[in-house]
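Residue numbers (the numbering used here), protein chains in the order written: chain P, 1 to 214; chain E, 1 to 214.
Structure record follows, encoded as structure tokens.
This is how it looks when you write it as structure tokens:
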């Protein structure tokens with residue numbers, strides 16, 4: 001059952017909201033809240049009640065009439081649906097200021113994400129440690145990735161190097177990439193790329209500000 | 001007409017795609033391409049043809065039957081719709097490794113975004129320069145923001161300080177925030193917050209990897 005639920009294809013919009021729901025539920029649990037109605041949870045999340053219930057129904061997570069959702073049950077259900085009920089070894093590629101910030105980020109453990117590899121090409125950086133992880137040369141990627149079981153890679157290199165880095169990661173067997181460089185990456189079928197585009201977010205923000213504030 | 005088109009409320013999903021369209025159009029223009037069919041553009045963008053045409057129709061950008069879209073016309077139309085046909089002064093709050101990386105980012109100019117202020121609370125950082133911008137103490141925010149015309153602020157501080165910083169920005173008159181701290185910010189009505197959540201992106205990536213690769 002669990003395997004089936006996990007492998008259902010969720011609408012991307014639903015999927016995008018799950019980490020937000022999960023964070024709110026964690027916070028409620030830490031505040032000692034045991035149950036929550038969909039109405040109250042939706043209100044706290046700033047989403048529609050119907051949307052919340054629809055999103056959760058994709059995961060087969062149902063509230064009990066008159067009692068609402070169990071907070072812990074819901075949090076665990078979302079964690080399982082996302083696949084975060086097991087460890088995810090992670091590589092950071094690029095050890096400039098952004099890559100270093102990403103390697104030092106403290107929020108991963110909470111989500112079962114573990115930085116097990118950091119790559120760069122600069123001889124001055126290779127061999128140094130960021131937290132407890134030694135920076136490796138990108139040419140060592142196939143070995144280091146195999147040894148540390150990396151499954152996700154974060155690309156934090158200049159735009160001009162991003163495609164080269166993506167190719168190297170794919171060759172080393174990594175099939176899921178989070179790309180901070182503002183370029184569209186070409187990857188083989190079966191490789192997943194998500195884009196973190198700071199500039200795009202600022203463009204959206206600028207537009208919303210005009211609409212809201214005139 | 002232009003003002004009307006700009007102030008129409010776009011569906012958020014359409015809005016989220018516009019920066020990606022814009023980047024592809026810029027690239028085509030730089031490659032010397034003058035016109036492009038919606039079919040070809042959709043293919044290059046990896047989106048559906050119908051969706052692309054619908055998105056562009058919101059901006060009243062129409063192709064010519066048999067000739068397709070003018071690349072430059074389309075790029076300029078999207079730039080105008082986003083509101084990027086004028087300068088957007090930007091503040092970075094937090095001058096740790098992430099904030100420094102954000103302050104040094106070279107892609108802003110292309111989008112008419114200009115970092116005009118950087119804030120921190122650390123006396124060791126205040127007064128230093130990142131690129132050509134001097135780091136100010138956050139207590140100086142009202143003056144610096146007024147003087148440099150800041151309209152957008154990027155929050156790159158630890159979670160524990162994010163709400164405090166958001167409050168300070170709002171008090172100083174900034175009504176559009178891009179938040180990198182993994183916490184939900186409480187802001188008054190009329191203030192826009194967009195969340196950059198690295199951990200959420202990695203959670204989505206982990207899920208997609210399970211669905212794709214088993």
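The beta-carbon is built from N, C-alpha and C at its ideal position, and this holds for glycine as well.
Note that the coordinates shown come from a computational prediction; the quantities given were computed from them, not determined experimentally.
Inspect the beta-carbon positions of residue 74(E) and residue 112(E) and report whether they are closer than 9 Å.
no
Just how far apart, CA to CA, sit residue 28(P) and residue 45(P)?
12 Å
Chain E partners of residue 57(P), CB-CB under 8 Å?
Under the 8 Å cutoff, chain E gives no residues; its nearest Cβ is about 17 Å from residue 57(P).
Could you run through the stretch 169–187 of chain E and flag, in chain order, every residue whose CB is less than 7 Å away from some CB of chain P?
175, 176, 178, 182
So, helix, strand or coil for residue 106(P), using DSSP?
coil
Using the three-state DSSP reduction, which class does residue 10(P) fall into: helix, strand or coil?
coil
Verify whether the separation of the beta carbon atoms of residue 142(P) and residue 172(P) is less than 9 Å.
yes
Check whether residue 126(E) and residue 103(E) have beta carbons under 9 Å apart
no
Closer than 9 Å to chain E by CB, residue 149(P)
no
Proximal residues of chain E, C-beta to C-beta of residue 82(P) below 9 Å
203, 204, 206, 207, 210
Quick one: what does DSSP say residue 155(E) is sitting in, helix, strand or coil?
strand
Compare the C-beta of residue 20(E) with all C-beta atoms of chain P and state if any pair is closer than 9 Å.
yes
So residue 199(E) and residue 21(P) are in contact, right, with Cβ under 8 Å, and what is the actual spacing, rounded?
At roughly 14 Å, the Cβ-Cβ gap does not stay under 8 Å, so residue 199(E) and residue 21(P) are not in contact.
How would you label residue 55(P), buried or exposed, when you count the other beta carbons within 10 angstroms and need 16 or more for buried?
buried
Can you give me the start and stop residues for the beta strand (DSSP E) that residue 92(E) sits inside?
88–93
Proximity to residue 38(E) [Cα-Cα], best of 66(E), 96(E), 158(E), 89(E):
66(E)
Please classify residue 207(P) as buried or exposed, where buried requires at least 16 other C-beta atoms within 10 Å of its C-beta.
buried
When you compare the CB positions of residue 130(P) and residue 90(P), do they come within less than 9 Å of one another, or not?
no
Rounded to whole angstroms, what's the CA-CA distance from residue 87(P) to residue 187(P)? Just pull it up for me.
25 Å
What are the uninterrupted segments assigned as alpha helix (DSSP H) that are 4 or more residues long and contained completely in the stretch 26–56 of chain P, given in chain order?
38–45
Which residues mark the beginning and the end of the beta strand (DSSP E) in which residue 199(E) is found?
Here residue 199(E) belongs to no beta strand (DSSP E); instead the alpha helix (DSSP H) covers 198–213.
According to DSSP, simplified to helix, strand and coil, what is residue 3(E)?
The pLDDT assigned to residue 3(E) is 41, lower than 50, so where the model puts this residue is not dependable; a value taken from the coordinates is nonetheless given after this. Here residue 3(E) sits in helix by DSSP.
Alpha helix (DSSP H) segments (min. 4 residues) lying fully within the stretch 109–153 of chain E:
141–148
Is residue 15(E) helix, strand or coil by DSSP?
helix
Hey, does residue 107(P) have any beta-carbon neighbour from chain E nearer than 9 Å?
yes
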